[in-house]
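The structure under discussion appears below in the form of structure tokens.
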Amino acid sequence: MRPRPPIKGRGMFSGTGLVIAALAATAAALLYPIWSYADRQDTADAGTLSTQTVTTPYGPLSAQDKDFITKVRLAGLWELPAGELAEQKGTTTAVRTAGQHLVDGHTSLDAHVRTVATQLGLPLPNEANTQQKQWLATLGGAQGEDFDRAFAALLRLAHGRVYALAAQVRADTQNSLVRDLADDANATVLDHIKVLEATGYVDFATLAKELAASPTPVPNPPAVAPSAAVPLTPSPAPSYSLPPATAEPSSS
């Protein structure tokens, strides 16, 4: 019986299989350090984040929580004076009413944020930041309808940014004091947004572009022709129980 001839190509396939196996092993050896480093990096990031959160009797206090508390205080430091300017310089009832809402709302909200900061042992700024001072200077130098347009544009832009932040903090925070403050801020800011829009001077197309862009030192108020400004009757002002503007936060 004659021996069966060898099948052509068997040796070639066997050799190819060994090469593929060797390449796979090499790739695994090369990729393993990358995977291991990625795992270690994730662990390091988590550790960094955890060090930014502190334990309090009211729940964990995150870096975002602390930033929010500071920004609520800063908002009051310039928006309350801006409201006072609107009460004095506004040329329409709607603008003056918006100014009154800002004064009342931020008087109450500022007392709340100072109480929260005292309970959590957090320092608060005592003056507006550079950008906010520039905004106040813009309003201080404007007169007549130019003031009305600048007031509505600047304050509506600022409130739009704060409103988004307050909503995010309310959704994320694990701290009960911050949660209550975010609720208060959301209600106050929404009221202010409504009365600012009721002035008839808010250019929504320009506002949308400003909110989508990076913040600028002093946003340019949109040019609104006098005939385009149609003041509306704002909704009735909510009833506030206001502490004196100079009241110190409770230490309890």
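Letter by letter, the sequence shown follows residues 1 to 252 of UniProt numbering. For glycine and all other residues, C-beta sits at the position ideal for the given N, C-alpha and C. In this text the structure is predicted, and so the values were computed from the model without any measurement.
If you draw a straight line from the C-alpha of A153 to the C-alpha of E210, how long is it? 10 Å
Do the CB positions of Y201 and D148 come within less than 7 Å of each other? yes
Starting from the C-beta of G160, find all residues in its chain whose C-beta is less than 6 Å away, skip the five residues before and the five after it, and write them out in chain order. L211
Checking 7 Å against the spacing of the C-beta atoms, do L139 and A82 come in under that value? yes
When the Cα of S66 is compared with those of A150, R114, T107, L207, which residue comes out closest? It should be pointed out that residue 66 corresponds to Lys in this sequence rather than to Ser. Nearest option by C-alpha distance: R114.
N- and C-terminal bounds of the alpha helix (DSSP H) containing Q132: 130-141
Beta-bridge pairing of L61 - partner residues as DSSP gives them: V54
Can you tell which of R179, K194, D191 has the C-alpha that lies nearest to the C-alpha of I69? R179
Write down the C-beta distance between L80 and H106 rounded to the nearest angstrom, noting that I regard them as a contact closer than 8 Å. 4 Å
Using a Cβ-Cβ cutoff of less than 8 Å, which residues in the same chain neighbour A98 once the five nearest sequence positions on both sides are dropped? G83, A86, G90, F151, A152, L155, H192, V195, L196, A198, T199, P234
P81, DSSP secondary structure in three states: helix
Hey, how far is the Cα of A75 from the Cα of L124? 12 Å
Nearest neighbour of N129, chosen from A208, T55, K71 [CA to CA]: K71
Which two residues bound the contiguous alpha helix (DSSP H) that contains V113? 93-120
Is DSSP giving T188 helix, strand or coil here? helix
With a threshold of 7 Å on Cβ separation, who are the neighbours of Q64 within its own chain once the five nearest residues in sequence on each side are excluded? V169, D172
How many whole angstroms separate the CB atoms of A166 and A185, which I take to be in contact at a CB cut-off of 8 Å? 4 Å
Tell me which residues share the same chain as L181 and place their Cβ nearer than 8 Å to its Cβ, disregarding the 5 neighbours each side in the sequence. F68, I69, V72, H112, V113, V116
Let's test the definition: count the other Cβ atoms within 10 Å of the Cβ of L31 and tell me whether it reaches 16, buried, or not, exposed. Confidence at L31 is low in this model, with a pLDDT of 37, below 50, so its placement is unreliable and no value can be given for it.
Are the Cβ atoms of L157 and T56 separated by less than 7 Å? no
Leaving out the 5 sequence neighbours to the left and right, which residues in its chain are closer than 7 Å to G59 when beta-carbon positions are compared? Q174, N175, S176
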